[in-house]
Amino acid sequence: MGLDDIFTASVFASAIRLATPYIFAALGETFAQRSGVLNLGVDGIMLMGAFTGFYAVFSAQQAGAMSEPVSLVFGVLVALIIGALMGLAMAFVSVTLKAKQGISGIGVYLFGLGLSELLFQQWVGTPKSVSGFPRLNFPVLTDLPVLGEILFHHNLLVYVAFALVPISAYVLNNTTFGLMIRAVGQNPEAADAMGVNVTRVRYATTTIGGMLAGLAGASLSIALINLFQQNLTAGQGFIAVALVYFGGWRPWAVAAGALLFSFVNALQLQIKVIGADIPSEFAVMAPYVITIIALVFAAKRQEQPTALTRPYERGE
Amino acid sequence: MKKALLLTLIVALFIGVMPSLAQDGAFRVAAVAPSATNDLAFSQSMYDGLMAIQSAMGEDAFQFDFQDGTFIVDDAAVALREWAASGDYDLVIAHGSQFGSVVEELAQEFPEVSFAWGTDENTFGLDNVFAYTAAADQGGYVNGVMAGLMTQSGVIGVVGPIEVGDAKLYVDGFVDGVAASNMDATVNVVYIQSFSDVPLATEAAETHIANGADILTGTAQMVVGAIAVGSENGARWFGTQSSQADLAGDSAVAFQIYKWDVILADMIGHIQSGVLGGESYVLTLANGGLVMEFAG
Amino acid sequence: MNKVSQSALAARLNRLIDFSPVIIALALAMLVSSILLIALDADPLAAFSAMLEGSVGSENATAETLVKATPILFVGIGITIAFRGGMINIGGEGQMIAGALAGVTVALVLGEARVPADMAKTPGAFDLIIVTLSLLGGFLAGALYGGLAGFLKAYFNVNEILSTIMLNQIAVQMMNFLLNGILLDPSEAGFNNIPKTARLVTAAQLPRLSLPLGDPWLFARTRLHWGLIIAIVLAVLIYIFLWRTSLGYRIRAVGENERASSFAGINVKRQMMFSMFLAGGFAGLAGVVQVLGLQYRLQTDGSPAGFTGSAGFNGIVAALFGGLNPIGAIPASAFFGGLLVGAQKMQRELGVPASLITAVNGLVVVFVVSSEIFIQQRSKRRVSVSEEEDG
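Chains as they are written, first to last, in numbering that gives the first Met the number 0: chain A, 0 to 315; chain B, 0 to 295; chain C, 0 to 390.
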């Protein structure tokens with residue numbers, strides 16, 4: 000087998016699909032962490048988004064109440080709302096009640112893991128599939144050789160995820176809101192002195208983080224896999240948190256990390272499919288190993304937000 | 000609810016007054032299984048088996064407690080020990096090969112309690128342990144022969160969990176079956192190294208399709224996403240353990256189904272005649288423990 | 000000096016007295032769970048009494064609670080050291096696996112060597128050496144695995160949250176590989192291929208623990224093992240280490256203020272590595288103790304939790320509930336052990352899904368950790384009151 004058999008167009012397309020939930024969740028987490036809130040509960044929020052988004056679409060399609068596209072939009076909205084609510088809860092716990100963030104995040108994770116499975120078993124039972132976001136066909140573009148398969152034959156949510164990368168970078172770097180987020184994460188005392196409402200900014204970012212985590216879950220359950228199963232995310236939320244550190248809290252670098260991780264994963268699947276004789280344990284390990292190694296050799300590193308995990312105590 | 004309470008109360012009184020009757024009453028089984036009872040796979044196969052026994056014997060004669068989701072071996076150990084110590088159960092089942100050590104220890108501590116565990120064939124030389132397993136390679140072979148004959152593209156994809164136990168048996172049997180019916184067909188096997196990673200199993204199926212597979216198969220509870228991918232891309236699906244026909248829809252071809260009730264019935268017979276274990280069972284197509292189900 | 004320690008003591012007493020918010024938090028968690036239970040047609044009262052019965056209702060239940068608490072405590076001690084040293088160690092799961100792999104290898108190899116000694120009828124000393132060396136092997140492997148994350152952080156600025164999350168996955172695959180290869184039980188190599196090691200000989204097992212109360216002895220018929228005692232002793236030793244030795248002081252100094260420590264001449268990088276080394280070592284002990292004390296063999300279902308029971312995560316929670324104090328981690332671990340074991344009982348008794356239990360555990364964690372603010376506020380009020388009195 001040659002390199003042509005390994006680095007096929009489909010591997011790149013596969014990497015882009017795999018990266019989608021990571022990009023959603025990690026971008027959301029980037030917002031939260033930039034403002035100083037570490038949300039370790041991303042995976043739990045993803046699971047709730049995945050289930051509720053799925054269930055909304057499932058019941059709408061079963062009842063025949065909506066056309067397919069409308070049901071999908073409905074599913075996305077539900078996932079966003081549930082994600083926002085869980086993000087709000089996380090904000091309340093870690094910002095208002097100043098609970099230790101690492102630990103409360105684990106609580107949120109367990110809650111989401113348990114509740115999503117419970118509701119699934121009560122309301123759905125066994126895995127059932129829905130008609131999820133279909134793959135799009137663009138005139139001319141989709142038919143392009145190689146590039147067409149890699150870039151122009153994905154479902155809508157994949158494009159939304161990638162579009163969010165420049166948008167997030169712009170918001171964080173070029174808007175007043177972004178400036179406030181960075182100020183609150185870097186030096187909340189100074190930000191407060193300048194009239195920035197630390198609490199409100201952190202609520203906003205954690206809620207945005209929750210919404211994007213919810214969407215990340217929905218991208219699995221109604222776009223990429225099109226069903227729900229207990230623990231559907233299989234720990235992707237934790238990887239997403241790790242990718243935020245990988246990218247040094249910069250959206251472009253976070254997305255690059257997600258793509259690198261997913262590309263190695265796609266590659267190891269392809270290598271196994273074409274029958275390379277390597278122990279599959281090592282193939283599965285590869286994305287994790289390479290992510291660490293890549294960070295070791297990454298030239299430029301950014302210091303983490305100074306106030307990360309530190310609740311803000313307003314001085315008298 | 001109230002009725003049930005009253006009934007329980009009466010039953011409790013009855014048992015309290017006439018202890019001898021309780022022993023002659025219903026045959027009682029308790030079982031642990033690592034995943035959900037509706038996982039369309041391994042755990043469901045045992046749950047369905049117990050349900051089948053119950054409907055055959057009647058609820059008065061056969062009752063069972065089932066604790067699912069005990070993938071943490073220690074959690075299963077607590078349940079098994081409690082059941083064994085209570086003396087309330089005629090048979091205690093540990094459904095999962097990871098529970099072997101626990102069964103081995105408990106069976107020696109509670110020699111009057113009958114245990115069954117699988118999938119394995121080791122009874123530890125104890126006469127109160129039944130072991131059971133499934134010759135999953137048999138149905139795998141049948142599926143493989145059909146898949147080899149059906150494939151148009153000559154490429155078949157397999158999504159496996161870890162290369163162990165009945166998963167390995169099924170996949171090996173399937174590969175042999177394809178080789179027997181279609182020398183030219185290629186079978187690509189991917190073990191994703193997890194019983195639960197649905198996203199990775201789904202992408203493995205995508206990778207198979209991208210490499211030309213028009214037929215997919217797989218085993219264990221994480222294949223559900225792969226089934227969905229197959230039906231979206233027009234690939235046909237062969238399954239094992241439990242029926243996945245509802246999920247696979249039009250793409251479903253055939254399923255090897257585990258009928259644990261066949262061996263459970265035999266165990267119950269043994270226990271009722273005073274034999275608490277010592278036997279090792281294998282589900283096969285010949286003994287009716289494995290059944291092929293074909294989609295409409 | 001005297002005055003300082005007095006007020007420290009007072010603060011600690013206040014902490015005990017101020018337990019009420021925790022109780023309110025638990026009550027809230029119970030309330031929400033009750034709503035969920037009622038929605039599932041289950042009787043909350045029966046559920047909670049099942050939970051209580053399952054965790055402390057009998058000799059066996061109590062023993063199982065302590066058995067569950069043991070690895071959580073080991074990990075919790077390590078997490079305490081790491082957090083005190085300013086490192087967030089999410090890698091308990093992977094470090095447990097690394098410790099178990101190394102420890103079981105030592106135990107298997109030395110256990111083989113034990114067989115001739117068996118014939119010489121000299122029990123005791125050599126057995127103790129086997130167990131001790133296995134535990135040390137487990138500690139060392141976990142320590143190196145944790146230390147690796149510390150090394151990457153100190154010299155390559157790789158964030159330890161990232162590296163430990165990744166290293167967890169790598170450890171699982173390593174375990175799958177080894178248990179399917181060189182460590183595979185020779186008797187499994189034929190028909191079944193279940194990935195597990197051979198069973199440890201008795202000499203390589205950690206003995207079961209019973210107390211000379213009653214006849215038979217208390218816990219004699221349970222799975223309680225010596226791992227619990229080892230964990231408690233180590234918790235006390237680590238408390239002394241952190242607060243009574245200069246090395247411990249240096250670790251805490253780095254955790255409290257990295258820059259100031261650096262100015263004060265402390266080798267910050269080395270301390271970072273060292274605290275992760277110790278944290279990993281304790282998680283490694285948790286792993287090897289699970290094998291030597293309970294299962295007597297290492298086996299995998301391919302997921303980390305199947306072996307660790309998520310103790311690597313629960314240990315984080317226990318460490319923080321214990322106030323990042325190794326002694327405090329003891330009751331915190333027992334509490335979580337009881338919660339987890341009791342929840343399983345609730346599932347058995349009422350037939351409620353296991354997932355409900357997971358969700359309820361999450362709620363308990365969130366509510367209890369959220370209640371801390373009320374404790375802090377109250378003790379702060381006390382401090383300000385006493386300051387005014389002093390002034």
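From the three backbone atoms N, C-alpha and C, an ideal C-beta is built for every residue, glycine too.
For C:GLY91, same chain residues with a beta-carbon under 6 angstroms away, outside a window of 5 residues either side, are VAL74, ALA282, GLY311 and GLY314 in chain order. Around the beta-carbon of B:ASP249, fewer than 16 other beta-carbon atoms lie within 10 Å, marking it exposed. For B:LEU282, no alpha helix (DSSP H) run applies; the uninterrupted beta strand (DSSP E) run containing it begins and ends at 279-282, by DSSP. By the criterion of a C-beta distance shorter than 7 angstroms, A:ALA265 is surrounded in its chain by VAL10, SER13, ALA14 and LEU17, once the five residues flanking it on both sides are discounted.
Cα atoms of B:LEU284 and A:VAL77: separation of roughly 47 angstroms, rounded to the nearest angstrom.
Boundaries around B:TYR257 are those of the beta strand (DSSP E), 251-257, since no alpha helix (DSSP H) includes it. Under the criterion of beta carbons closer than 8 angstroms, C:VAL253 and C:GLY85 qualify as touching, at roughly 6 angstroms.
The Cβ of A:SER9 sits closer than 8 angstroms to at least one Cβ of chain B. Shown here, C:GLY305 sits in a helix according to DSSP, grouped into three states. No Cβ-Cβ contact shorter than 8 angstroms links C:ALA60 with C:GLN289. Counting the other Cβ atoms within 10 Å of the Cβ of C:TRP242 gives fewer than 16, which makes it exposed. Counting only runs that start and end inside the segment 91-159 of chain A, the alpha helix (DSSP H) elements of at least 4 residues fall at 100-122 and 146-150. For C:LEU51, the three-state secondary structure derived from DSSP is helix. In the structure shown, C:THR221 falls within a coil segment according to DSSP collapsed to helix, strand and coil. In the three-state reduction of the DSSP assignment, A:GLN228 falls in the coil class. In this structure C:SER33 touches C:PRO43 by the C-beta definition: roughly 4 angstroms separates them, less than 8 angstroms. Secondary structure note for B:PHE65: its beta strand (DSSP E) is the uninterrupted segment 61-66. Taking 8 angstroms as the cut-off, the beta carbon of A:GLY111 is found closer than this to the beta carbon of A:MET85. Counting only residues of its own chain and dropping the five nearest sequence neighbours on each side, A:PRO250 has a CB closer than 7 angstroms to the CB of LEU26, THR29, VAL164, SER167, ALA168 and LEU171.
Its chain contains PHE63 and LEU90 as the residues whose beta carbon lies nearer than 6 angstroms to that of B:VAL28, once the 5 sequence neighbours on both sides are disregarded; these appear in chain order.
Taking the CA atoms as reference points, C:ILE239 sits about 11 angstroms from C:LEU246. Counting only residues of its own chain and dropping the five nearest sequence neighbours on each side, B:ALA234 has a CB closer than 7 angstroms to the CB of ILE208, ALA212, ASP213, ILE214, LEU215 and SER250. Per DSSP, reduced to three states, the secondary structure at C:TRP216 is coil, with no helix or strand assignment. Around the beta carbon of A:ASN173, a 10 Å sphere encloses fewer than 16 other beta carbons of the protein chains shown; the residue is thus reported as exposed. With a contact defined as Cβ atoms closer than 8 angstroms, A:PHE245 and C:LEU161 qualify at about 6 angstroms. Residue burial is scored here from C-beta neighbours: B:GLY57 has fewer than 16 other C-beta atoms within 10 angstroms and is therefore classed as exposed. Listed along the chain, the chain A residues whose CB falls inside 9 angstroms of the CB of C:GLY361 are GLY40, GLY43, ILE105, GLY106, VAL107, TYR108, LEU109, PHE110, GLY111, LEU112, GLY113 and LEU114. Interface flag for B:SER100 against chain C is set, since a Cβ pair is found closer than 8 angstroms. If you draw a straight line from the Cα of A:ASN38 to the Cα of C:GLY301, it comes to about 27 angstroms. Across the structure, B:GLY268 and B:GLY288 are spaced so that their CA atoms are roughly 16 angstroms apart.
For B:TRP236, the three-state secondary structure derived from DSSP is strand.
Interface flag for B:GLY164 against chain C is set, since a Cβ pair is found closer than 8 angstroms. Here A:TYR21 is not near A:LEU211, since their CB atoms are 8 angstroms or more apart. The beta carbons of C:LEU107 and C:ALA197 sit about 6 angstroms from each other, so the pair counts as a contact at 8 angstroms. For A:GLY274, the residues of chain B that pass the 7 angstroms Cβ criterion are ASN187, in the order they occur in the chain. Against C:GLN346, the close residues of chain B are GLN66, in the order they occur along the chain (beta-carbon pairs closer than 7 angstroms).
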